[in-house]
Amino acid sequence: MNKQLIVAQDGSGDFTTVQAAIDAVKTVQNEYTIIQIKSGVYKEVIHIRENQSFIQLVGEGADKTIISFDNYAGKLNEEGVRLGTNNSATVFIDGDYIRAERITFENSYYRPGLDASGRQAVAVNTTGRGVTFKQCAFKGYQDTLYARDGRCYFYECFIEGDIDFIFGGARAVFEKCQIHSLYGGSKVDNGYVTAASTKASQPYGFLFENCHLTADAAMPNHTVYLGRPWHPSARTEPVCTSTVFKNCQLGAHIKEEGWTFMGEVQPETERLYEFNNTGEGAILNAKRRQLTKEEAENYTKENILEGFIERDN
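Be aware that the sequence shown starts at 1, since it is given in full-length UniProt numbering, and climbs by one per residue.
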């Protein structure tokens, strides 16, 4: 029988903070502990550690249950050292088989200027295997969602940002999600949706399937790239970015060329593809490589996640 804990800010539950409930979960278990999080804005940093697994966070709606903080890469810690992107997250998920439903994860830090130093501010940093998000929202600006490692699945989620706001080296599937680009104020360049850093030894990286790419109403047409290849300077093995948009509806904000470079890495050397997309942003040209029907059939959530989709469902 699944154990249930309740978090409520008014003291009517078992805990008043989300982290306190997480800390109460046994480190070794093979059944889900369900943590019900009542409505409210929980301003705290959350960490589900590597030795914790089978935890399910359930909110009362993404518009009602909000976990928020405002750390950012350029912020100094107690020792006077910059946090950096990796340590800027509101929520860290390092355990396996973690679920979240009907919750907003937010990094509320904002600094104008798309090229401003230190403005990276992560909402969720995840490395676990079998991590699932359903009907959740991820809100931020630069580097909103760090799918850093592991395998993760996003279903009917809302994800917003401006620069590289979905990035990392995980094997991740985004199904029926709304991917929303925020207007950065430029007439020509308003950012990048993705910046995957897939290991070259991995056959798959990010898959967006049946997603809808939208933008702020003020966004000029053709000013946002689908993505760019990120080869981290601290990588320990070769990287070859893998990102596929399949059966997606692309808004007019998407650039005609689709993809662009990052540093010295050009998109043509990476695994950046599309298949059967529609909408004003789904433009066919030589720079936007398309998968064949046979190739596209390999890009499924079962292949990418290798069985780590909600073990018992």
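Backbone N, C-alpha and C define an ideal beta-carbon position, used for all residues, glycine too.
Notebook entry, point to check: If we ignore side chains and look at the alpha-carbon of each, how far apart do Cys177 and Lys293 end up?
Noted result: 22 Å
Check: In the DSSP assignment, what are the bridge partners of Leu213?
Finding: Ile179, Leu250
Checklist line | DSSP state of Asn107 mapped onto helix, strand, coil | finding: strand
Item checked: Straight-line Cα distance separating Glu268 from Glu295 -> 18 Å
Next item on the list: Identify whether Val188 lies in helix, strand or coil by the three-state DSSP scheme.
Entry: coil
Notebook entry, point to check: With distances taken between CB atoms, is the gap from Glu274 to Lys301 smaller than 9 Å?
Noted result: Contact: no.
Notebook entry, point to check: Counting pairs of beta carbons, one from the segment 70-82 and one from the segment 113-133, are three or more of them closer than 8 Å?
Noted result: yes
Next item on the list: Output the residue ranges of the beta strand (DSSP E) runs that lie fully inside the segment 104-144 and measure 3 residues or longer, sorted by chain position.
Entry: 104-107, 124-126, 129-134, 137-139
Notebook entry, point to check: Looking at the structure shown, is Glu79 part of a helix, part of a strand, or coil, going by DSSP?
Noted result: Glu79 sits in coil when the DSSP states are folded into three classes, being neither helix nor strand.
Item checked: Arg235 burial status per 10 Å Cβ neighbour count (16 or more: buried) -> exposed
Notebook entry, point to check: Does the distance from the CB of Ile103 to the CB of Phe54 come in under 9 Å?
Noted result: no
Check: Which one or two residues does DSSP pair with Lys96 in a beta bridge?
Finding: The residue asked about is misnamed: residue 96 is Asp in this sequence, not Lys. Asp96 pairs with Ser53.
Checklist line | Beta-carbon spacing of Thr132, Ala100 below 9 Å | finding: yes
Checklist line | Where Glu101 sits in the DSSP three-state scheme | finding: strand
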